[in-house]
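This report concerns only the one structure given below.
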Amino acid sequence: MKRVLIANRGEIALRIVRSCAELGLESIAVYSDADRQLRHIGLSTASLGIGPPHPKHSYLNRDKIIAAAKATRCDAIHPGYGFLAEDPVFAEMCEDNGLKFIGPSAESIRCMGDKIAAKTLAAKMGVPLVPGGTIDQGQDIKSLQKGLPYPVLLKASAGGGGRGMRLVHEESAFASNLMQAQIEAKEAFGDGTVYWEQYISNARHIEVQVMSDRFGHHTHLGERDCTLQRRHQKLFEESPSPVLNADIRRQLYDASVSITRALDYEGAGTIEFLYDLDRRSIHFIEMNTRIQVEHPVTEMVTGIDLVREQLRIAAGQPMSEACLNASNRGWSMECRINAEDPENGFIPSPGRITAFAPPGGPGVRVDTFCTAGTEISPFYDSMVAKLIVWDIDREAARHRMIRALKEFVVEGIKTTIPFHIGVLQTPDFADAQYNTGWVESRKVWEKAA
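In structure tokens form, the structure reads like this:
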């Protein structure tokens, strides 16, 4: 493997370009008409335009991506996250065209991409599930809705990220929410299949980073706590989790590795769980068969370059000994800095950044594609940067993050920086006394100023 096409944009594309350079690999950037000036394009070995700004005409266009890879004589394609990263059809197209898809097999992606099939596999491995069930076409909805343990969550079988998801508190609201969830799932993922789960109101969202290679090595790199969310969208992550004991951690790790073994998995992945704070029990949610947005949190506490490991494994090498035997040290936190206005319902705030000065100092990392003059496009995800800090313990990391947030200058657009400052200064956050519904129930953004 000598030349890698990066089928993505923004900070993750820049991240992959850098890892390729460190391994002596050539990188090929592709870009839409809206992204001609992005930083990773100038740092890559070569670049190629692939069409108009709308993702379906560029970053989601399988044929254009494959054609670009063949035209530039690439050996492999790294999909990053989002776009085509969890598309089994695209993974198969790569294989059919002699290109290495940097990720798991299409079979693994297809199995875990179908959330119902993923839960079935997890159950076979003895992994606890959130109580729930399927909703079949033609099923008598009136009979179904009468027997459900409200509140329940309706979730898209083919998707994630909060799309196609509805929280239903009572029987009278079930049918209308089901229809909306099916419509949204169909529009977002091309599949309107929806299933239901019992809603665990007092829960933490915990995920385990896994890595596997083709030589039968399967390992975990600890957990990340992703509990701070708004509308099922992650806002903040940390590692380790401040609420788990050693026994629960072992259950999480063993369950995660057992799933990767059952899949004969290859590459990086994340197994997601709910931790029921009342019952002190874990429940499998899903597996993401790609690198995660929040992977730097794990890198900071383990010292392992996860993208480099992805590239090594894709090139046919075993994962490094350091990765196989990784251990955690200290505490890491990540704030997602989005181009949104937290004081106005988190509405998007696209536009031109007029001033951009990221923070620095020991233990501070900023993953971003932005500089002064960068245009934040309405066509793509609103994330401007990921601010990551490390320190020896949680309280030290919290203070470092607050300092770094206050030092971070972004002008010309609204961002979520004030929101994060407000959250990190609350007693609930300092004491880790919150659950997945905390942000919305407390309306903490009203205090972020």
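In this text, residue positions in the sequence shown follow numbering that gives the first Met the number 0: the first is 0, and each later residue adds one. Note that beta-carbon positions come from the ideal geometry of N, C-alpha and C, so glycine has one too.
For this session: Work out the CA separation of I15 and G41 for me, nearest whole Å.
Result: Residue numbering aside, residue 41 sits at position 42 when the sequence shown is read from its first letter. Residue numbering aside, residue 15 sits at position 16 when the sequence shown is read from its first letter. Looking at the backbone, the Cα of G41 and that of I15 are separated by about 13 Å.
For this session: Tell me whether the beta-carbon of R307 lies closer than 8 Å to the beta-carbon of E21.
Result: Here residue 307 refers to the residue found at position 308 when the sequence shown is read from its first residue. Here residue 21 refers to the residue found at position 22 when the sequence shown is read from its first residue. Yes, these two residues count as a Cβ contact at 8 Å.
For this session: Could you work out which residue in D212, I401, G411 is closest to E374 when comparing CA atoms only?
Result: On the sequence shown, position 375 is the one that residue 374 refers to. Per the Cα distances, G411.
Exercise. A121: which of D253, S57, R249 sits nearest, CA to CA?
Worked result: Taking the sequence shown and counting its residues from 1, one reaches residue 121 at position 122. Shortest Cα-Cα distance from A121 to any of D253, S57, R249 involves D253.
For this session: With DSSP as the reference, label A267 as helix, strand or coil.
Result: Taking the sequence shown and counting its residues from 1, one reaches residue 267 at position 268. Strand, per DSSP.
Exercise. Does the region 161-172 come close enough to the region 236-251 that 3 or more CB-CB pairs lie under 8 Å?
Worked result: Result no; under three Cβ-Cβ pairs closer than 8 Å.
Problem set entry | Backbone CA spacing between T301 and E394 [nearest angstrom] | For the purposes of this step, residue 301 is taken as the residue at position 302 of the sequence shown. For the purposes of this step, residue 394 is taken as the residue at position 395 of the sequence shown. Computed Cα separation, rounded: 19 Å.
Problem set entry | Start and end residues, beta strand (DSSP E) containing T494 | Any question about residue 494 goes unanswered here, given that the chain covers just 0 to 448.
Problem set entry | For K145, three-class secondary structure by DSSP | For this step, residue 145 is matched to residue 146 along the sequence shown. Helix.
Exercise. DSSP on R328, reduced to helix/strand/coil?
Worked result: As a first step, residue 328 must be located in the sequence shown, where it is residue number 329. Residue state, collapsed to three classes: coil.
For this session: Grab the span of the beta strand (DSSP E) containing M286 for me, first residue to last.
Result: In the sequence shown, counting from the first residue as 1, residue 286 sits at position 287. Boundaries of the beta strand (DSSP E) around M286: 280-287.
Problem set entry | Spatial neighbours of A448 in its chain, beta-carbon cut-off 8 Å, leaving aside the 5 residues before and after | By one-based count along the sequence shown, residue 448 stands at place 449. With a pLDDT of 43 at A448, under the threshold of 50, the predicted position of this residue should be treated as unreliable, though the coordinate-derived value follows. Cβ contact annotation for A448 (same chain, cutoff 8 Å, sequence separation greater than five): E342, P417, G421, in chain order.
Exercise. What does a CB cutoff of less than 8 Å around T414 pick up in its chain, not counting 5 residues either side in sequence?
Worked result: Looking up residue 414 in the sequence shown gives position 415. Within the same chain, Cβ atoms closer than 8 Å to the Cβ of T414 are found at I336, N337, A338, E339, S348, V383, the five residues on either side in sequence being excluded.
Problem set entry | Close-in-space but distant-in-sequence residues of the same chain around D263 (CB under 6 Å, 5 per side omitted) | Indexing the sequence shown from 1 puts residue 263 at position 264. Taken in chain order, the list of residues that qualify is empty.
Problem set entry | Whole-angstrom distance between T259 and K446, CA atom to CA atom | Position 447 of the sequence shown, counted from the start, is the residue given in the question as residue 446. Position 260 of the sequence shown, counted from the start, is the residue given in the question as residue 259. Caution applies to K446, whose pLDDT of 49 falls short of 50 and renders its modelled position unreliable; the value that the coordinates give is listed next. C-alpha separation (whole angstroms): 42 Å.
Problem set entry | Cβ-based neighbour list, S381, same chain, cut-off 6 Å, excluding 5 preceding and 5 following | Residue numbering aside, residue 381 sits at position 382 when the sequence shown is read from its first letter. Correct list, in chain order: N337, A338, E339, P347.
Exercise. In chain order, what residues of the same chain lie with their CB nearer than 6 Å to the CB of N434, ignoring the 5 residues before and after it?
Worked result: Numbered from 1 along the sequence shown, position 435 holds the residue referred to as residue 434. The residues are N201, A202.
Exercise. Within this structure, are the beta carbons of A28 and S376 separated by less than 8 Å?
Worked result: Within the sequence shown, numbered from 1, the residue matching residue 28 stands at position 29. Within the sequence shown, numbered from 1, the residue matching residue 376 stands at position 377. In this structure, S376 does not lie closer than 8 Å to A28 by Cβ.
Exercise. Taking only runs of the beta strand (DSSP E) that begin and end inside the region 158-213, which ones reach a length of at least 3 residues, in chain order?
Worked result: You should have 165-167, 193-197, 202-211.
Problem set entry | Of the residues K385, A75, R229, D86, the one placed nearest H204, counting alpha carbons only | Position 205 of the sequence shown holds residue 204. Nearest of K385, A75, R229, D86 to H204, Cα basis: R229.
Exercise. Under a three-way DSSP split, which group does G41 fall into?
Worked result: For the purposes of this step, residue 41 is identified with residue 42 of the sequence shown, where counting begins at 1. Helix at G41.
Problem set entry | Proximity winner among I290, G158, S280, relative to L220 (alpha-carbon distances) | In the sequence shown, counting from the first residue as 1, residue 220 sits at position 221. Selected option, being the one with the closest Cα: I290.
For this session: In angstroms with no decimal places, state the Cα-to-Cα distance between R441 and D427.
Result: Looking up residue 441 in the sequence shown gives position 442. Looking up residue 427 in the sequence shown gives position 428. Taking the Cα positions, R441 is about 10 Å away from D427.
Exercise. Around the C-beta of N176, are 16 or more other C-beta atoms found within 10 angstroms, so that it is buried, or is it exposed?
Worked result: Here the question's residue 176 lines up with position 177 in the sequence shown. Here N176 is buried, its C-beta having at least 16 other C-beta atoms within 10 Å.
Problem set entry | Distance, E285 Cα to P239 Cα | By 1-based counting over the sequence shown, the position of residue 239 is 240. By 1-based counting over the sequence shown, the position of residue 285 is 286. Cα to Cα, the separation comes out at about 20 Å.
Exercise. Unbroken beta strand (DSSP E) runs of length 3 or more, entirely within the region 365-405: which are they?
Worked result: Whole beta strand (DSSP E) segments, 3+ residues: 382-390.
Problem set entry | Rounded straight-line distance, which links the Cα of V129 to that of R328 | Position 329 of the sequence shown, counting from 1, holds the residue named residue 328. Position 130 of the sequence shown, counting from 1, holds the residue named residue 129. Taking the straight line joining both Cα atoms gives about 31 Å.
Exercise. Quick one, are the C-beta atoms of M124 and A261 less than 8 Å apart?
Worked result: The residue you call residue 124 lines up with position 125 of the sequence shown. The residue you call residue 261 lines up with position 262 of the sequence shown. In contact: M124 and A261 (Cβ atoms closer than 8 Å).
Exercise. Given that a residue counts as buried once 16 or more other Cβ atoms are within 10 Å of its Cβ, and exposed if not, what is I76?
Worked result: For the purposes of this step, residue 76 is identified with residue 77 of the sequence shown, where counting begins at 1. Under this definition I76 is a buried residue.
Exercise. Per DSSP, Y274 is paired with what?
Worked result: Here residue 274 is taken as the residue at index 275 of the sequence shown, counted from 1. For Y274, which the question treats as bridged, DSSP gives the partners R203, I281.
For this session: Could you please give the first and the last residue of the uninterrupted beta strand (DSSP E) stretch that includes E85?
Result: Start at 1 with the first residue of the sequence shown, and residue 85 comes out as number 86. Segment: none, E85 is in no beta strand (DSSP E) and carries neither H nor E.
For this session: Starting from the Cα of M164, find the closest Cα among K154, F173, H216, A172 and give me that residue.
Result: Sequence index remark: in the sequence shown, residue 164 carries index 165 (1-based). Nearest option by C-alpha distance: K154.
Exercise. Pick from P87, C369, R72: whose alpha carbon is nearest that of R351?
Worked result: In the sequence shown, counting from the first residue as 1, residue 351 sits at position 352. Taking only the C-alpha atoms, the option nearest R351 is C369.
Exercise. For A70, which option in G79, G97, E298 has the closest C-alpha, if you only look at C-alpha atoms?
Worked result: The residue labelled residue 70 in the question sits at position 71 within the sequence shown. The shortest C-alpha separation from A70 is found at G97.
For this session: Spatial neighbours of L276 within its chain, please: CB distance less than 8 Å, with the 5 preceding and 5 following residues excluded, ordered by chain position.
Result: In the sequence shown, residue 276 corresponds to position 277, counting from 1. Apart from the 5 residues on each side of it in sequence, L276 sits with its Cβ closer than 8 Å to the Cβ of N201, A202, R203, V242, N434 in its chain, given in chain order.
Problem set entry | Nearest-angstrom Cα separation, counted from F355 out to R402 | As a working note, residue 402 is residue 403 in the sequence shown. As a working note, residue 355 is residue 356 in the sequence shown. Distance between the alpha carbons of R402 and F355 is about 17 Å.
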